[in-house]
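Visitor: Chains as they are written, first to last, in my numbering: chain A, 40 to 292; chain B, 25 to 316; chain C, 1072 to 1387.
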Amino acid sequence: MARDGVVLEVDTVSKSFGALAALSNVSLVVQAGQIFSVIGPNGAGKSTLFNVVSGLHVPTTGRVRFRDRDIAGLAPETINRLGVAKTFQITNIFPEISVFENVRVAAQSRVRESGRLPSLWRLPDVEAAAADLLRAFGLAAKRDEMAENLSHGEQRYLEICLALATEPTLLLLDEPTAGMTPGETKEATALIRQIASARGLTVLLIEHDMSVVMGISDRIAVLHFGEKIAEGAPEEIRSDPKVVEAYLGPPED
Amino acid sequence: MDYVVAILLPQLLHGLVFGAALGLLALGLTVIFGLLGVMNFAHGELYMLGAYAGIAVVGVTHSFWAALVVAPLAVGAIGAVTEVATLRPLYRREPLYGLILTFGLALVFREGVRQIWGGDMRRILPPFTGSTPLLGMTYPNYRLFLLVASSLLLLAIWLFFTKTRAGVLVRAAVQDAEMLDGLGVNVPRVFTLTFAGSAALAALAGLLLAPIFTVYPQMGVEMILLAFIVVILGGMGSMGGSVVAAVVIGLAQSLLTLWMNPQRVAIAIFAIMIVVLIVRPRGFFGREGVLE
Amino acid sequence: MSRALSWRAVVVWVLLAALPVLPFMSKFYLLLAFDALLFGAIAMSLDLLIGYTGLVSFGHAAFFGLGAYASAVLLERGIVSLWACLLFAVLVVGLYALVVSYFSTTRRGIYFALLTLIFAEVVYTFFRYTQTFGGSDGIQGVPPPRLVGGFAIDTPMRNYYLVLVYLGLAYLACRVLVTSHFGKVLVAIRENEDRARFLGYNVQRYKMAVCMISALLTGLGGALYPGRSAFATPDLMLWTVSGEFIIMVMIGGLGTLAGPVVGGAFFVLLQEKVSSYVDWYFIVIGLVLIFIVLFMPKGLLGIRELLGGRRWRATA
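(1) For Met-1228 (chain C), which three-state DSSP category applies?
(2) Could you list which residues in chain C have their beta carbon closer than 7 angstroms to that of Ser-158 (chain A), in chain order?
(3) Helix, strand or coil: which one does DSSP assign to Thr-241 (chain A)?
(4) Compare the C-beta of Gln-139 (chain B) with all C-beta atoms of chain C and state if any pair is closer than 8 angstroms.
(5) Count the other C-beta atoms from every protein chain shown that fall within 10 angstroms of the C-beta of Val-1085 (chain C), then say buried if there are 16 or more, exposed otherwise.
(6) How close, in whole Å, do the beta carbons of Gly-58 (chain B) and Val-267 (chain B) come, if the pair is a contact with beta carbons under 8 angstroms?
(7) Pairs of beta-carbons, one from the stretch 104-117 of chain A and one from the stretch 1262-1271 of chain C, closer than 8 angstroms: are there three or more?
(8) Does the beta carbon of Gln-277 (chain B) sit closer than 8 angstroms to a beta carbon anywhere in chain C?
(9) What number of angstroms, rounded off, separates the C-alpha of Leu-1341 (chain C) from the C-alpha of Ala-1303 (chain C)?
(10) Taking a Cβ distance cut-off of 9 angstroms, strictly less, list which residues of the stretch 157-176 of chain A are near chain C, in chain order.
(11) At a CB distance below 8 angstroms, what residues from the stretch 1259-1272 of chain C approach chain A? Give them in sequence order.
(12) Exposed or buried, Thr-216 (chain B), counting other C-beta atoms within 10 Å across all chains shown (16 or more means buried)?
(13) Touch check for the stretch 1114-1134 of chain C and the stretch 1270-1290 of chain C: three-plus C-beta pairs under 8 angstroms?
(14) Go to Arg-167 (chain B), then tell me how far its beta strand (DSSP E) extends in each direction, as first and last residue.
(15) Go ahead and pull the three-state DSSP assignment for Gln-128 (chain A).
(16) Given that Leu-201 (chain A) touches chain C, what residues does it touch there, using C-beta distances under 9 angstroms?
(17) DSSP three-state call for Leu-62 (chain A): helix, strand or coil?
(18) Curious, which full-length beta strand (DSSP E) runs of at least 3 residues does the stretch 120-152 of chain B contain?
(19) Just by C-beta distance, which residues in the stretch 105-129 of chain A are closer than 7 angstroms to chain C?
(20) Measuring CA to CA, which of C:Leu-1090, C:Leu-1185, C:Gly-1138 is closest to Met-1308 (chain C)?
(21) Can you tell me whether Gln-1211 (chain C) is helix, strand or coil according to DSSP?
(22) Given that Leu-1145 (chain C) touches chain A, what residues does it touch there, using C-beta distances under 7 angstroms?
(23) Given that a residue counts as buried once 16 or more other Cβ atoms are within 10 Å of its Cβ, and exposed if not, what is Gln-233 (chain A)?
(24) Any chance the stretch 1252-1266 of chain C sits against the stretch 134-147 of chain A, with 3 or more Cβ pairs inside 8 angstroms?
(25) Who are the neighbours of Gly-265 (chain B) on chain C, taking C-beta pairs under 7 angstroms?
(26) Using a 10 Å radius around the Cβ and a threshold of 16 neighbouring Cβ atoms, would you call Glu-166 (chain A) buried or exposed?
(27) Would you verify that the beta carbon of Ile-136 (chain A) is, or is not, closer than 8 angstroms to some beta carbon of chain C?
(28) Measure the alpha-carbon distance for Ala-1090 (chain C) versus Val-1213 (chain C) and round it to whole angstroms.
(29) Go ahead and pull the three-state DSSP assignment for Pro-207 (chain A).
(30) So, does the CB of Tyr-121 (chain B) fall closer than 8 angstroms to a CB anywhere in chain C?
(31) Would you kindly check if the distance between the Cβ of Val-194 (chain B) and the Cβ of Val-211 (chain B) is under 8 angstroms?
(32) In chain C, what lies closer than 7 angstroms to Ala-290 (chain B) by C-beta?
(33) How is Asp-1118 (chain C) classed by DSSP in three states: helix, strand or coil?
(34) With the cut-off set at 8 angstroms, would you say Thr-54 (chain B) and Met-260 (chain B) are in Cβ contact?
(35) Shorter than 8 angstroms from the beta carbon of Leu-125 (chain B) to some beta carbon of chain C?
(36) From Gln-277 (chain B) to Tyr-240 (chain B), what does the alpha carbon distance come to, in whole angstroms?
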């Protein structure tokens, strides 16, 4: 694919906290329209990778380029405004306001007034966009509920709605199905796939549950102790002996 | 040399004396903050209550020493009751409610004392007078006693927190209050006793300082600001830090008065705190990210 | 944005406007009503920070006091135009608030509360000990300000209407603000500041802006005070006064506009009523505060919710 098809390029990024190297020389290239998954056991550095891309951490060395622009070290709000939205592994919503108000505040982040003087007196109309999102995730009937009263699965969806409402080019999903039942997980993965293709999104997803990513990913990278040990299409990863050994451990049963 | 002996040295000692007493006050404040997550606005009033309880006991027994035992116990009991009745229901709520609630407690205590003892300035006579020759100057005995007593108390508290099981437990809980649940400890009782202890310490500081200061209902209002500054400088929740910061502030206050008038000193101390908060928000010894 | 006024709001404003012509309204009661509305408006401005944004300022007395001093200094020197006083107050309070909000909004929670407290204490100490501004006596016996030409705001009734206009405009401003794009972001910051950043909001800029707005509204209220009392003293800026402002907000209810106005008025009337019978009114006020924090954290207007009414916190 052409160079201009690259959405995100993580270039030999390392991040250490004191003596602990959470990431060492990790490189990834995510193409436009891909669903790219990063997997690895807990503590493999997946979340650190996300935090570096989304602006929470500054990488110790290396570069992060989003659409050919170096974003390493920029503030989270700046990175978001460039078109990168992130969801959180632990549900991170606005608990004591309604579901609709949650999505509204996210959606109005992209209107012309945002951050300008007229925002002090104008209330932009983002009703349609917010309602569309809620409908897509089956939350339309809950729009006036207080967000903290939603079920766990619904809160996970609201979490994704918030990120999508900021109209990102690249969506970072941090274990979107964490805590869901197998049935919910299946439904959620299908929904993510469908929405990503409908909106032309590029998705970077991290998971520790391998079965979740096999079905929806175009490409998978495996992290182990902060290093990338494999990358390829799902079927290559499934049969890669290094991955089987490092990640799946000794065969069960 | 004359300048050193006649002016600098006494001022230095004054600073140490005041710093040590301030340390007693700030220590209780920081432990309560670490353990309960409450910035106790009423701490200054507990300090003030200590002095008034002392006046009451001296009035009956005519003994400063009796007061030194009874007043902290009485204020500690008041602290225990207060904690059970008002703070306990707030543990699961936002810390700012605790701040606001203790502001209300401070109002009640302050005005309660004004109703009972009136708003006049009072004094407690020191239990002994006279001075001792020291390093080429003479220094009042009571202030020396104050310095020694405060230092011994701080040492005793340090031993308590490092050598006894109860102390180690509380210290660990100051770092991470949730770990207490996992240890099968009666958490409410630990909280109540700690609050009572911190109230007793504040009362002790109030009574010890009373013979060299004056006693009046507003006395806690001025001390609490200084104690807040000390706790912030030391790093919120850091016990050693608050003692060090108390001594630093005591010395700074005392030495700065040699060169500036009191209001400039006050502003200088505020300025120190603002600069520290901006440059190093966790204070001297605080952990990163506590409340940044 | 601003909906049509409900008939209840119309009734309230008409009653407030008609208050001075009621037969029992003596000068004393008019001044009391002045205080009630003034502090109600200030509590409302403070609630923009506490209730909407989740930032507890323990230094609002400094904004109030600086506004009062700004206007008293001009009046004392014979510059008696009300407009000049207001403009000067905006300048002085604005400059100070710029510094305070810049540094304080980088911190959260208790740190924010303590930073605003310490900044305010610096201002208090400065005025308390600076003889140019009268030291602890403050500036006394200033002439009343003039609206236009020879029309002086020199009677309790004129003062009352002035403060009523101030309250009305401040309410309007706050109303527009909290129902705007900006207001929605403030609530998001209160609910979850970090998440708001990941949605593309420069949170500190919003916090600074709301701090400035709240400070300026409070300072404008302060600028009206010498016209009513003929003085400005450092005691107006004591940190306990900031605490009283918070009490007013708490009484009225966090995250509403009408609530703190009611809370401020209630506080002023309670103080006056209780202190005219007994001299321990601060005990009563302290107990009221404790009661509210423990049992009615939503304030007086929370009663409505207890009775099955609407949700209390602004989803605005």
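By construction, the Cβ of each residue, glycine as well, lies at the ideal position given by its N, Cα and C atoms.
Guide: Judging by the given coordinates:
(1) Locating residue 1228 (chain C) in the third sequence gives position 157, counting from the first residue. It is helical.
(2) Along the first sequence, read from residue 1 onward, the residue named residue 158 (chain A) stands at position 119. Those within 7 angstroms of Ser-158 (chain A) in chain C are Ser-1251, His-1252, Phe-1253.
(3) In the first sequence, counting from the first residue as 1, residue 241 (chain A) sits at position 202. Here Thr-241 (chain A) sits in strand by DSSP.
(4) The residue you call residue 139 (chain B) lines up with position 115 of the second sequence. Answer yes: the Cβ-Cβ gap between Gln-139 (chain B) and chain C drops below 8 angstroms somewhere.
(5) Here residue 1085 (chain C) corresponds to residue number 14 of the third sequence, with the count starting at 1. Exposed is the call here.
(6) Along the second sequence, one-based indexing puts residue 58 (chain B) at 34. Along the second sequence, one-based indexing puts residue 267 (chain B) at 243. Not confirmed; about 14 angstroms, so no contact.
(7) yes
(8) Here residue 277 (chain B) corresponds to residue number 253 of the second sequence, with the count starting at 1. Closer than 8 angstroms: no.
(9) To locate residue 1341 (chain C), count along the third sequence from 1; it is residue 270. To locate residue 1303 (chain C), count along the third sequence from 1; it is residue 232. Whole-angstrom Cα-Cα distance: 23 angstroms.
(10) Pro-157, Ser-158, Leu-159, Trp-160, Arg-161, Leu-162, Pro-163
(11) Ala-1259, Glu-1262, Asn-1263, Asp-1265, Arg-1266, Ala-1267, Arg-1268, Phe-1269, Leu-1270, Gly-1271, Tyr-1272
(12) Residue mapping note: residue 216 (chain B) aligns to position 192 of the second sequence, counting from 1. With 16 or more other Cβ atoms within 10 Å, it is buried.
(13) yes
(14) In the second sequence, the residue the question calls residue 167 (chain B) occupies position 143. Note, Arg-167 (chain B): premise wrong, no beta strand (DSSP E); alpha helix (DSSP H) at 165-187.
(15) To locate residue 128 (chain A), count along the first sequence from 1; it is residue 89. Reduced to three states, the DSSP call for Gln-128 (chain A) is coil.
(16) Counting from 1 along the first sequence, the entry for residue 201 (chain A) is found at position 162. By Cβ distance, chain C contributes Arg-1266, Phe-1269, Leu-1270.
(17) Residue numbering aside, residue 62 (chain A) sits at position 23 when the first sequence is read from its first letter. Note: Leu-62 (chain A) maps to strand in three-state DSSP.
(18) none
(19) Pro-115, Glu-116, Asn-119, Arg-120, Lys-125
(20) If you number the third sequence from 1, residue 1308 (chain C) lands on position 237. Checking every option, the nearest Cα to that of Met-1308 (chain C) belongs to C:Gly-1138.
(21) On the third sequence, residue 1211 (chain C) is found 140 positions in, with the first residue counted as 1. In the structure shown, Gln-1211 (chain C) sits in a strand (DSSP, three-state: E or B).
(22) As a first step, residue 1145 (chain C) must be located in the third sequence, where it is residue number 74. Residues of chain A passing the Cβ test: none, with the nearest at roughly 29 angstroms.
(23) As a position in the first sequence, residue 233 (chain A) is number 194, starting the count at 1. Counting Cβ neighbours within 10 Å, Gln-233 (chain A) comes out exposed, since fewer than 16 surround it.
(24) yes
(25) For this step, residue 265 (chain B) is matched to residue 241 along the second sequence. Under the 7 angstroms cutoff, chain C gives no residues; its nearest Cβ is about 15 angstroms from Gly-265 (chain B).
(26) In the first sequence, counting from the first residue as 1, residue 166 (chain A) sits at position 127. The residue in question, Glu-166 (chain A), is exposed, as its Cβ has fewer than 16 Cβ neighbours within 10 Å.
(27) Walking along the first sequence from the start, residue 136 (chain A) turns up at place 97. Yes, because at least one Cβ of chain C sits closer than 8 angstroms to the Cβ of Ile-136 (chain A).
(28) Locating residue 1090 (chain C) in the third sequence gives position 19, counting from the first residue. Locating residue 1213 (chain C) in the third sequence gives position 142, counting from the first residue. The sequence shown places Leu at residue 1090 (chain C), not Ala. So the two alpha carbons sit approximately 27 angstroms from each other.
(29) The residue you call residue 207 (chain A) lines up with position 168 of the first sequence. It is coil, neither helix nor strand.
(30) Position 97 of the second sequence holds residue 121 (chain B). Closer than 8 angstroms to some Cβ of chain C, the Cβ of Tyr-121 (chain B) qualifies, so yes.
(31) For the purposes of this step, residue 211 (chain B) is taken as the residue at position 187 of the second sequence. For the purposes of this step, residue 194 (chain B) is taken as the residue at position 170 of the second sequence. No, Cβ-Cβ distance for Val-211 (chain B) and Val-194 (chain B) is not below 8 angstroms.
(32) Locating residue 290 (chain B) in the second sequence gives position 266, counting from the first residue. Here the neighbours are Thr-1196.
(33) Against the third sequence, residue 1118 (chain C) aligns to sequence position 47. If DSSP states are grouped into helix, strand and coil, Asp-1118 (chain C) belongs with the helices.
(34) By one-based count along the second sequence, residue 54 (chain B) stands at place 30. By one-based count along the second sequence, residue 260 (chain B) stands at place 236. The answer is yes: Cβ separation under 8 angstroms.
(35) On the second sequence, position 101 is the one that residue 125 (chain B) refers to. It does; some Cβ of chain C falls within 8 angstroms.
(36) Here residue 277 (chain B) is taken as the residue at index 253 of the second sequence, counted from 1. Here residue 240 (chain B) is taken as the residue at index 216 of the second sequence, counted from 1. The alpha-carbon atoms of Gln-277 (chain B) and Tyr-240 (chain B) are separated by roughly 21 angstroms.
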